[in-house]
Amino acid sequence: MLREDKYNKNKEGTIFDIQRFSINDGPGIRTIVFLKGCPLKCKWCSNPESQSKDIQITFNKSSCINCGKCIDVCPQGAISLDGNNKIDRDKCDNCGLCVDNCYSNALVKIGRKIKVEELLQELKKDSVHFRRSGGGVTLSGGELLGQADFVAEILKGCKSMGWHTTLETTAFAKKEAVEKVIPLADLVLLDIKHTNNDIHINHIGVGNKIILENAKHISMISKELIIRVPVIPHFNCDNESINAIASFVKTLENVIRVDLLAYHNLGSSKYQNLEMKYEMDSDIAIPTDNIMNEFKEVFESFDMKCVIEG
Ligand code: SF4
Ligand code: SF4
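Whatever position you read off the sequence shown (first residue = 1), add 35 for this note's numbering.
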């Protein structure tokens with residue numbers, strides 16, 4: 036039985052995925068809940084479906100058999116069959132009727148509203164794996180601090196079940212959200228991408244002042260902190276940038292490790308389905324093992340444990 040008195044079971048939020056049996060996002064075997072909505076626009080983002088806080092409809096052209104059913108059922112007249120089955124996003128109210136009537140799964144609804152209690156019941160199915168492996172629940176995004184009230188109640192619910200909790204955050208959020216959520220988690224995975232404000236704005240769409248200020252605050256109020264650094268060509272894949280990040284991270288409290296994550300383009304195919312543009316060059320070189328090892332040594336030279344994540 037869930038101990039319902041410990042949290043607001045009716046608090047509602049928007050998620051877009053639940054992934055089970057992850058071993059990379061916190062200790063043990065983990066179930067990851069992805070929350071929708073992110074104020075950042077990283078050019079390399081591998082989850083573009085996380086960026087909008089709204090529920091969205093995606094269209095996969097290669098699965099479409101041109102039956103025209105979606106056009107017949109759309110009450111807003113938002114779909115046109117011009118070979119690309121374009122959805123007019125201004126007309127579409129995300130009712131989902133087209134998805135329900137698309138039997139080839141060319142149309143897919145991204146995101147759903149869920150109450151804390153319903154989510155905890157879904158997570159409960161994995162509790163035996165949490166217990167046996169020392170794992171737990173990881174909340175990711177999107178930027179989960181954008182749904183701070185919802186996240187706080189999930190964390191309280193997880194705590195009442197005795198599950199370990201991990202948060203993945205960009206730290207781009209209001210101070211009140213940080214203070215409401217961070218102390219409730221057992222582990223925080225915090226992205227630090229660049230210390231130069233202009234470069235940050237150019238590649239991510241927002242400056243880094245709030246992020247760096249929040250990072251310091253998070254490091255003081257979190258139990259354990261892992262810093263994650265995505266290594267991105269033409270952005271921070273150079274000694275000067277990595278040294279500056281290491282120098283900043285060295286000033287933080289409670290950092291148990293730094294994880295380096297090499298750029299990949301695995302999410303690029305999702306952009307087309309959302310009628311979004313993937314802004315990284317298609318022929319961009321992925322950082323080599325030698326470069327990643329060089330950067331690992333930079334963090335180690337600052338007396339920090341550093342791991343290259345696969
Ligand atoms: S979600 Fe609803 S409004 Fe949007 S395209 Fe589909 S049927 Fe039309
Ligand atoms: S209902 Fe699905 S398969 Fe049929 S035209 Fe629309 S998107 Fe294509």
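In this text, a Cβ means the ideal position worked out from N, Cα and C, and glycines have one as well.
Query raised in the report: What's the gap between the Cα of phenylalanine 69 and the Cα of methionine 339?
Result: 29 angstroms
Requested in this report: Just mark arginine 38 as buried or exposed, buried being the case when its beta carbon has 16 or more other beta carbons within 10 Å.
Outcome: Low per-residue confidence applies at arginine 38: pLDDT is 48, beneath 50, and the placement is therefore not dependable, though the value from the model is reported in the following sentence. Exposed, by the Cβ-count rule.
Query raised in the report: Grouping DSSP H, G and I as helix and E and B as strand, with all else coil, what is serine 336?
Result: Helix at serine 336.
Report task. Report yes if the C-beta of asparagine 129 is less than 8 angstroms from at least one heavy atom of ligand 2; otherwise report no. Result -> No.
Report task. Would you mind sorting aspartate 60 into buried or exposed? The rule is 16 or more other CB atoms within 10 Å of its CB. Result -> buried
Requested in this report: Reducing DSSP to helix, strand and coil, say where aspartate 355 ends up.
Outcome: Lying before the first or after the last residue shown, residue 355 is absent from the chain, which here runs from 36 to 345.
Query raised in the report: For proline 62, which of Val223, Asn136, Gln91 has the nearest alpha-carbon?
Result: Val223
Report task. Helix, strand or coil for proline 12, going by three-state DSSP, please let me know. Result -> In the structure displayed, the chain extends from 36 to 345; residue 12 sits before or after that span and is not available.
**Report entry** Nearest-angstrom beta carbon gap, valine 284 and isoleucine 261 [assumed within contact, 8 angstroms]
**Finding:** The Cβ separation is near 11 angstroms, so there is no contact.
Report task. Let me know the secondary structure DSSP gives leucine 142 once reduced to three states. Result -> strand
Query raised in the report: Exposed or buried, glycine 72, counting other C-beta atoms within 10 Å across all chains shown (16 or more means buried)?
Result: buried
Report task. For lysine 104, verify whether its CB is less than 8 angstroms away from any heavy atom of ligand 2. Result -> yes
**Report entry** Buried/exposed call for alanine 320, threshold 16 Cβ in 10 Å
**Finding:** exposed
Query raised in the report: Start and end of the beta strand (DSSP E) containing cysteine 341?
Result: 341 to 344
Query raised in the report: Cβ of asparagine 136 within 8 angstroms of any heavy atom in ligand 2?
Result: yes
Query raised in the report: Is it buried or exposed for methionine 327, if we count other Cβ within 10 angstroms and need 16 for buried?
Result: Counting Cβ neighbours within 10 Å, methionine 327 comes out buried, since at least 16 surround it.
Query raised in the report: Measuring CB to CB, does phenylalanine 334 end up less than 9 angstroms from alanine 281?
Result: Going by C-beta atoms, phenylalanine 334 is nearer than 9 angstroms to alanine 281.
Requested in this report: Would you mind stating whether leucine 179 and threonine 204 have Cβ atoms separated by less than 9 angstroms?
Outcome: yes
**Report entry** Residues of its chain near methionine 315, where Cβ-Cβ distance is below 6 angstroms and the 5 sequence neighbours each way are ignored
**Finding:** If we look at methionine 315 and ignore the five residues flanking it on each side, its Cβ neighbours are Lys78, Trp79.
Query raised in the report: Beta carbon of leucine 190, beta carbon of alanine 220: below 9 angstroms?
Result: It is a contact, given that the beta carbons lie within the stated cut-off.
Requested in this report: Closer than 7 angstroms by C-beta to lysine 215: which residues in its own chain qualify, once you throw out the five before and the five after it? Chain order, please.
Outcome: Ala183, Ala187
Requested in this report: Taking phenylalanine 270 as the reference, give the member of His238, Leu295, Ala297 with the closest Cα.
Outcome: His238
Query raised in the report: Among Gly197, Ser87, His252, Leu174, which has the Cα closest to the Cα of lysine 209?
Result: Nearest option by C-alpha distance: His252.
Requested in this report: From the DSSP output, read off the bridge partner residues of proline 265.
Outcome: Leu296
Requested in this report: Output the boundary residues of the beta strand (DSSP E) element that contains phenylalanine 165.
Outcome: That residue, phenylalanine 165, is in no beta strand (DSSP E); its alpha helix (DSSP H) goes 162 to 168.
**Report entry** Cβ neighbour criterion (16 or more within 10 Å) applied to leucine 225
**Finding:** buried
Query raised in the report: Do you know how far the Cα of proline 268 is from the Cα of valine 342?
Result: Taking the straight line joining both Cα atoms gives about 19 angstroms.
**Report entry** Length of the line joining the Cα atoms of methionine 264 and serine 98
**Finding:** What sits at residue 264 in the sequence shown is valine, not methionine. Those two C-alpha atoms are separated by around 36 angstroms.
Report task. Closer than 6 angstroms by C-beta to methionine 36: which residues in its own chain qualify, once you throw out the five before and the five after it? Chain order, please. Result -> The predicted position of methionine 36 is uncertain, since its pLDDT is 46 and thus under 50; no value can be drawn from it.
Query raised in the report: Can you tell me the Cα-Cα spacing of glutamate 310 and methionine 196, whole angstroms?
Result: 41 angstroms
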